[in-house]
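Participant: There's a structure below that I have some questions on.
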Amino acid sequence: ELIQQDRREFRLRDALAPLRERFPFILLDCPPALDLLTLNALVATDGLLVPMQAEYFALEGISELMSTLDRVSQAFNHGLALEGVLMTMYDERTNLAQQVTANLQEFFGDKLLKTTIPRNVRLAEAPSHGKPVMVYDPRSRGSDAYRDLALELLKRNKIESPKAKERAKAAKTGQEFKFWPYNK
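Residue numbering for the sequence shown follows my numbering, beginning at 46 and increasing consecutively.
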């Protein structure tokens, strides 16, 4: 249906335009394939956060990723920039993870985020229960890592959010917050 539309690459950007003033961030979670929906997300966004596993094959895709980013930027979205690279499924105990991190640090410099998302059973279980990990197990290592990521992104973008800091601190002590619609 979208393929036959005029300005099909700009549909998501146009739909999100009225919301941009209301939120400091609008996050779009996309599959790794460059299909029309992902292209719409790249056209609609200001920055790209790239999740990357600490594995050899992830390194092989870097040049293709940068080439795609450059092509989309030139053709559709001149403001598109790499916000950061996020290490996921990270196990700091392995030599491979250390080597991949060193290579990415050399290639991306300060674009490599300090926060890493660990391999974590609770992260894997949460979707099968229909809940985000922050609701499923707010004190898990995975929840902690995603809170740290949110705070790092706020700091990088110079956005002060006392409420976010308060919630992150409270979550680490076991205090619950309501996340609609999961725990009414």
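Backbone N, C-alpha and C fix where the C-beta goes; we use that ideal spot for every residue, glycine too. Model, not experiment: these values are computed from the prediction.
Excluding the 5 residues flanking Ala96 on each side, which residues of the same chain have their C-beta closer than 7 Å to its C-beta?
Facilitator: Inspection of the sequence shows that residue 96 is occupied by Pro rather than by Ala. Hits under 7 Å: Leu131 and Thr133.
Participant: Give the secondary structure of Glu109 by DSSP, where H, G and I count as helix, E and B as strand, and everything else as coil.
Facilitator: Three-state DSSP puts Glu109 in a helix.
Participant: Tell me which residue opens and which closes the alpha helix (DSSP H) that Glu197 is part of.
Facilitator: That run of the alpha helix (DSSP H) goes Arg186 to Arg201.
Participant: Note down the Cα distance separating Pro172 from Gly187, rounded to an integer number of angstroms.
Facilitator: Those two C-alpha atoms are separated by around 13 Å.
Participant: Tell me whether Ile48 sits in a helix, a strand or coil according to DSSP, three-state version.
Facilitator: Residue state, collapsed to three classes: helix.
Participant: What would DSSP say about Asn228, mapped onto helix, strand or coil?
Facilitator: The predicted position of Asn228 is uncertain, since its pLDDT is 48 and thus under 50; a value taken from the coordinates is nonetheless stated next. Coil.
Participant: Have a look at Glu211 and Glu137 and give me their C-alpha separation to the nearest angstrom.
Facilitator: Distance between the alpha carbons of Glu211 and Glu137 is about 28 Å.
Participant: Kindly indicate which residue of Ser112, Ala147 and Phe70 has the alpha-carbon position closest to the one of Ile204.
Facilitator: Considering only alpha carbons, the answer is Phe70.
Participant: With Glu54 as the anchor, note down where its alpha helix (DSSP H) starts and where it stops.
Facilitator: From DSSP, Glu54 is part of no alpha helix (DSSP H); its letter is neither H nor E.
Participant: Can you find the residues in the same chain that come closer than 8 Å, C-beta to C-beta, to Arg167, ignoring five residues on each side of it along the sequence?
Facilitator: Around Arg167: Val178, Tyr181, Asp182, Ser185, Arg186, Gly187 and Ser188.
Participant: Could you give the distance in angstroms between the alpha-carbon of Phe55 and the alpha-carbon of Val88?
Facilitator: Cα-Cα distance, rounded: 6 Å.
Participant: State the CB to CB distance for the pair Glu197 and Lys159, rounded to an integer number of angstroms; the pair is presumed to be in contact (CB under 8 Å).
Facilitator: Yes, Glu197 and Lys159 are in contact; Cβ-Cβ is about 6 Å, under 8 Å.
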